[in-house]
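Colleague: In the numbering used here, the protein residues as written are 976 to 1527. All C-beta atoms in this analysis are idealised placements derived from N, C-alpha and C, irrespective of residue type, glycine included.
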Ligand code: FBP
């Protein structure tokens, strides 16, 4: 038997909480809301999803349920790890067994590719018990293979039929749930007899809307990063000699950076969405950071913290244009072209390779390491892998140059010394906070209830999350209702709309209102490690983002 830590043993015994509607199991009645449309481009979405479009919002309520047919379900973990994935599967398993003890759950291994490759295992109660309340996705593994070709759908269907599977649960972010919707539509249109239900996962927090208040894993990941940032703040306060530039994950949206900024009151928290809205150049961002450093230096405070969202570089207009051109060009001959880009010695060579003149100039102005990071491997969606671009080092280098210039001009008298950090993988597999443990278990249980009610093309939804778990509202939201049409790699595609930080929302409003004070003064908060046992106000708090959003 593998050895376990004292916390692992204690945590295994934690009974995740559920909304009270599930107190007698997942066989529940349904409150059916109004039919839905789409997030945008409703007509096109209706044409693309004729059989699943327009379904109503569902909420579970106690009462008489329709008798559920026997369910053999398959589950897939898709994309980056997020704390609580194992609890979604545990909730799904328990929910299915509460509907009918003969129901079975299979896990497809290594992500969506497992469905096509027929790599699977049956998940029994012994296996599930080993993983309750643990971090990671290792129970069945995850992957980033995209399910979008009819051939894949047909092969997957054959594999499911061989196992008698009539329901598929995809635990993933916006892209994976977009694929879940396409799959659900296809299976329904050919009368395949397989329901498809999604669960909202991603530490990035960008799969959310009115009915999906947060994606799971965001809470835990932000708490881990905020603990580390708080520890660094203490170190900075103690040594008083370093500026720490800390990049946190969140490849498209800045929700993680914003939440960590609010939890720790770092001196500077950059928000990519604001950079884009104000069309800020890299030079302007560097100048803003340098202003705060110079003001603190006047008070002999030559230390501080800058929190940087992972995706920042893609929101700086000139960089966005460059990255988009590179994505398109490298989509064709990634290996050959990336070598030519890395060794190019003039902007005219770059233009010859297909970059526009302004993008060639921007590319050429960047340090060598950043150039290389921009042209290295793409992800399976053809995008640059932003977690591998060292934006924090780029900013440090540019701030050094700016401060040296200010020093020569006599407008800066401090001494600047820096440290860089990237917090991403440190938080993605942490043991889920009580919030995520309960939320994930409820999402999985709710997914089982949706299957029991015969639904397809829904995302499991649990709302009212700032209240105690027994008051949470579980139900389902049609996947098509979250979709719109976006231009991706030169083609119009139906996709679930990504939720970016809203600049008129309360979380950003709080940062903006305190920016001046937190910047120049030292107002750090030290959140400390996640607590699993103890008073509720220490252990059960949801993220600041969700609390502020719901306060209005
Ligand atoms: P998902 O969107 O799949 O949840 O993944 C998010 C994320 O953690 C990003 O924050 C990060 O940019 C990316 O995964 C890293 O991906 P990889 O695991 O492939 O290195």
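#1: Pick helix, strand or coil for residue 1431, following the three-state DSSP scheme.
#2: Judging by CA-CA distance, which residue of 1279, 1001, 1285 and 1342 is the nearest neighbour of residue 1390?
#3: Can you list, in chain order, the stretches of the alpha helix (DSSP H) that have 4 or more residues and sit fully within the region 1374–1406?
#4: So, with DSSP's three-state summary, where would you put residue 1318?
#5: Smallest Cα separation from residue 1150: which of 1396, 1468, 1510 and 1141?
#6: Under a Cβ-count criterion, where at least 16 other Cβ atoms within 10 Å of its own Cβ denotes burial, should residue 1136 be classed as buried or exposed?
#7: Closer than 6 Å by C-beta to residue 1471: which residues in its own chain qualify, once you throw out the five before and the five after it? Chain order, please.
#8: Using only alpha-carbon positions, find the residue among 1273, 1358 and 1417 that is nearest to residue 1385.
#9: As a quick exercise: from 1224, 1103, 1261 and 1477, pick the residue whose alpha carbon is nearest that of residue 1378.
#10: Can residue 1119 be considered in contact with the ligand FBP, in the sense that its beta carbon sits closer than 7 Å to one or more heavy atoms?
#11: Counting only the same chain and skipping the five closest in sequence on each side, list residues whose C-beta sits under 8 Å from that of residue 1297.
#12: Would you call the region 1169–1186 and the region 1078–1092 touching, i.e. three or more CB-CB distances under 8 Å?
#13: With respect to the beta strand (DSSP E) encompassing residue 1467, which residues constitute its N-terminal and C-terminal limits?
#14: Taking the beta carbon of residue 1307 as the centre, do at least 16 other beta carbons fall within 10 Å, making it buried, or is it exposed?
#15: For residue 1176, verify whether its CB is less than 7 Å away from any heavy atom of the ligand FBP.
#16: Using DSSP with H/G/I as helix, E/B as strand and the rest coil, what is residue 1496?
#17: Using the C-alpha atoms, what's the distance from residue 1078 back to residue 1102?
#18: On the premise that residue 1412 lies in contact with residue 1059, defined as a C-beta separation below 8 Å, what is that separation, rounded to the nearest angstrom?
#19: Is it buried or exposed for residue 1508, if we count other Cβ within 10 angstroms and need 16 for buried?
#20: In this structure, how does DSSP classify residue 1028 when only helix, strand and coil are distinguished?
#21: Looking at C-beta atoms only, is the number of pairs between the region 1163–1176 and the region 1431–1441 that lie closer than 8 Å three or more?
#22: Alpha carbon to alpha carbon, how far is residue 1063 from residue 1504?
#23: Check whether the Cβ atoms of residue 1517 and residue 1440 sit closer than 8 Å, and answer yes or no.
#24: Can you tell me which of 1084, 1399 and 1033 puts its alpha carbon nearest to the alpha carbon of residue 1145?
#25: Output the distance between the C-alpha atoms of residue 1016 and residue 1460, rounded to the nearest integer angstrom.
#26: Applying the criterion that 16 or more other CB atoms from any shown protein chain within 10 Å of the CB defines a buried residue, is residue 1492 buried or exposed?
#27: Which residues mark the beginning and the end of the alpha helix (DSSP H) in which residue 1259 is found?
#28: Leaving out five residues on either side along the sequence, give the residues of the same chain with a beta carbon under 7 Å from the beta carbon of residue 1068.
#29: Out of curiosity, what's the CA-to-CA distance linking residue 1043 and residue 1036?
#30: Using a Cβ-Cβ cut-off of 6 Å (strictly less than) and excluding sequence neighbours within five positions of residue 1112, which residues of its own chain qualify?
#31: Whole angstroms are fine: how far does the CA of residue 1128 sit from the CA of residue 998?
#32: Within 8 Å, do at least three Cβ pairs link the region 1417–1426 to the region 987–1003?
#33: Does the region 1223–1233 come close enough to the region 1475–1489 to have 3 or more Cβ pairs within less than 8 Å?
#34: Pick from 1305, 1438 and 1177: whose alpha carbon is nearest that of residue 1407?
#35: Taking the alpha carbon of residue 1443 as the point to measure from, which residue in 1369, 1294 and 1522 has its own alpha carbon closest?
#36: Residue 1244 and residue 1233 look like a contact to me (Cβ under 8 Å); what is the Cβ gap, rounded to whole Å?
Modeller: Reading it off the structure:
#1: coil
#2: 1279
#3: 1400–1403
#4: helix
#5: 1468
#6: exposed
#7: 1149, 1152, 1153, 1457 and 1458
#8: 1273
#9: 1261
#10: yes
#11: 1330, 1334, 1337, 1338 and 1349
#12: no
#13: 1466–1471
#14: exposed
#15: yes
#16: coil
#17: 16 Å
#18: 6 Å
#19: exposed
#20: coil
#21: yes
#22: 23 Å
#23: yes
#24: 1084
#25: 6 Å
#26: exposed
#27: 1257–1273
#28: 1080, 1098 and 1103
#29: 16 Å
#30: 1052, 1056 and 1060
#31: 36 Å
#32: yes
#33: yes
#34: 1177
#35: 1522
#36: 7 Å
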